[in-house]
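Numbering (our numbering), first residue to last: -5 to 167. To start, the structure itself, in C-alpha cells.
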Ligand code: 2AM
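As C-alpha cells, then:
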C-alpha cells in the first residue's frame, strides 16, 4: 500500500482553502484541473510510498514526541502545474517532519529524502494564470499527526487516515 505521514488542518483552514480554490477556478484555463478534495487537504511530513505493512511504520511513529504548534495559511506557489498554499508556522512543520523522519530512519523504513517544503496542494494540472488572489490567513493549532494511505479509485485519489497520534501541548509558562 502507498503510505505517507501528514498533519491535518483545522475545519476553518480547509474552508479557507476551498474558498481559494473557488477563486482560482475563475482563472483556470479550460483544460481539466484536478482540484484537491476537501478531505484530502493536508500537509505531508514524509512520503513513504509503497510499503507492504503499516504495523512497523506505526511502531516507529509511536516513538515520536513533539510539541503541538500554531500554523497560519500564508502565501501561494507553484511546482510545475501543482498549485499550493504555503504556511507560516515558526518552523514547526519542518521540526515535526525531522522527528518523524528520524524515527522512520531508525526503524529502517524508507521514505522520499527530499527536503521538506511545507505546502498544501490545492490543484494539480493547473495551467491558469498566477493570479493575485490569496487564501485567507487562517491560524490553527496542529495538535496531531497521522499515517495516511493513498489509493487511486476510478482515477480519483482517496486518502484514508489509518493511525493518528496527538502532539504534546506546549508546557505552560
Ligand atoms: P504533493 O501534494 O506536493 O504532490 C501523497 O502523495 C502526498 O505525499 C502528497 O502531499 C505529496 O505531495 C506528497 N509527496 C511527497 N513526496 C512524494 C513523492 N515522491 N511521490 C508522491 N507524493 C509525494
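Just so it is clear, CB atoms sit at the ideal spot from N, CA and C, and this is done for glycine as well. Because the structure is a prediction, the values reported are computed rather than measured.
- In chain order, what residues of the same chain have a beta carbon less than 8 Å from the beta carbon of residue 64, not counting five sequence neighbours either side? Numbered from 1 along the chain shown, position 70 holds the residue referred to as residue 64. Counting only Cβ-Cβ distances below 8 Å, and skipping sequence neighbours, we find 83, 84, 86, 133, 134, 135 and 136.
So what does DSSP say about residue 3, is it helix, strand or coil? In the chain shown, the residue the question calls residue 3 occupies position 9. Here residue 3 sits in coil by DSSP.
Taking only three categories from DSSP, how would you classify residue 79? For this step, residue 79 is matched to residue 85 along the chain shown. Residue state, collapsed to three classes: strand.
| said: Closer than 7 Å to a non-hydrogen atom of the ligand ATP - does that hold for the CB of residue 131? | reply: Absence of the ligand ATP is noted for the structure shown, with the ligand 2AM being the only ligands found.
task = Evaluate contact between the segment 85 to 102 and the segment 50 to 58, counting only Cβ atoms and requiring at least three cross-stretch pairs below 8 Å.
result = yes
query: Which residue from 62, 80, 41 and 74 puts its Cα closest to that of residue 128?
result: Along the chain shown, read from residue 1 onward, the residue named residue 128 stands at position 134. Nearest of 62, 80, 41 and 74 to residue 128, Cα basis: 80.
Can you pull the DSSP bridge partners for residue 169?
No answer is possible for residue 169: the residues shown for the chain start at -5 and end at 167.
- What does DSSP give as the partner residues of residue -2 in its beta bridges? What you label residue -2 is simply residue 4 of the chain shown in a count that begins at 1. Looking at the DSSP assignment, residue -2 forms a beta bridge with 41 and 142.
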